[in-house]
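Heads up: the structure comes next, in structure tokens.
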Amino acid sequence: GGVVILWERFKREFLVKYFPVDFKNKKVVEFMELKQGNLSVADYAVKFESLCDFSPHYNTVEAENDKCVKFESGLRPDIKHLIGFSEIRDFATLVNKSRICDEDGKAKTNYYKSMSDRKGKGQDRAKPYDNRGKKGVESSDGRKKNSGQCYRRSQESSMQEAEEGDWESVFFECGRCGSSG
10 GGVVILWERF KREFLVKYFP VDFKNKKVVE FMELKQGNLS VADYAVKFES LCDFSPHYNT
70 VEAENDKCVK FESGLRPDIK HLIGFSEIRD FATLVNKSRI CDEDGKAKTN YYKSMSDRKG
130 KGQDRAKPYD NRGKKGVESS DGRKKNSGQC YRRSQESSMQ EAEEGDWESV FFECGRCGSS
190 G
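For the sequence shown, the working numbering begins at 10 and goes up steadily by one.
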């Protein structure tokens, strides 16, 4: 009965009909320029594999080394830094180890972010020694008050006022609110 068509011939004719040369060339260029960027390693690997189909050189057993080098060169620097020294030349292993580094890096980032968010919640309290950028508020008697906790003024500032004739404030006045005590 029927006509026997070899797989290679069918594949070639199918590709000519449904994948024009200019489309294939665009995919080859896209593959050559592919970088991980903001993709996860898993998503980068999927895109890499799909574009790799358009570059026959990378689809042979002999090209496994080149395929690994190409994949590794497109990884983000933070992952490439952790993986590169290993010189992994088995593609499946390289993808898996890169994925683990990516996930560990994200977990580490999330951990430190949550720790910093948790720490930051109680850190908005004013500190008497940290008056940078804070403006004093004037009280009804015209004296400046700083926002924050009360604190006893330093001996130097009290002595300076004593030299200027303001003996009442020496060692007895709060540096924030001006109250005696």
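Note that the Cβ used here is the ideal one computed from N, Cα and C, for glycine as well.
Might you give, ordered along the chain, the residues of its own chain that have their beta carbon closer than 8 Å to the beta carbon of E73, omitting 5 neighbours on each side? R98, D99, F100
Can you give me the Cβ contacts of I92 inside the same chain, cut-off strictly under 8 Å, excluding the 5 residues immediately before and after it? So the qualifying residues of the chain are E81, L84, L103, K106, S107, C110.
Can you tell me whether DSSP reads R127 as helix, strand or coil? helix
Given a cut-off of 9 Å, decide if V37 and K57 are closer than it, judged by their beta-carbon atoms. Before going on, a small fix: residue 57 reads as Phe here, not Lys. Not closer than 9 Å, so no.
Close-in-space but distant-in-sequence residues of the same chain around W176 (CB under 7 Å, 5 per side omitted): With a pLDDT of only 48 at W176, under the threshold of 50, the placement of this residue in the model should not be trusted, and no figure is reported.
Spell out whether any CB of chain D is found under 9 Å from the CB atom of Y67. Any reference to chain D falls outside this structure, which holds one protein chain only.
Inter-residue CB distance, L43 and L60 (contact presumed, cutoff 8 Å): 6 Å between Cβ atoms; contact.
So what's T69 in DSSP terms, helix, strand or just coil? In the structure shown, T69 sits in coil (DSSP, three-state: anything other than H, G, I, E or B).
What residue from E112, Y27, K76, K33 has the CA that sits closest to D87's CA? Looking from the CA of D87, the closest CA among E112, Y27, K76, K33 belongs to E112.
In whole angstroms, what separates the C-alpha of E96 from that of K76? 12 Å
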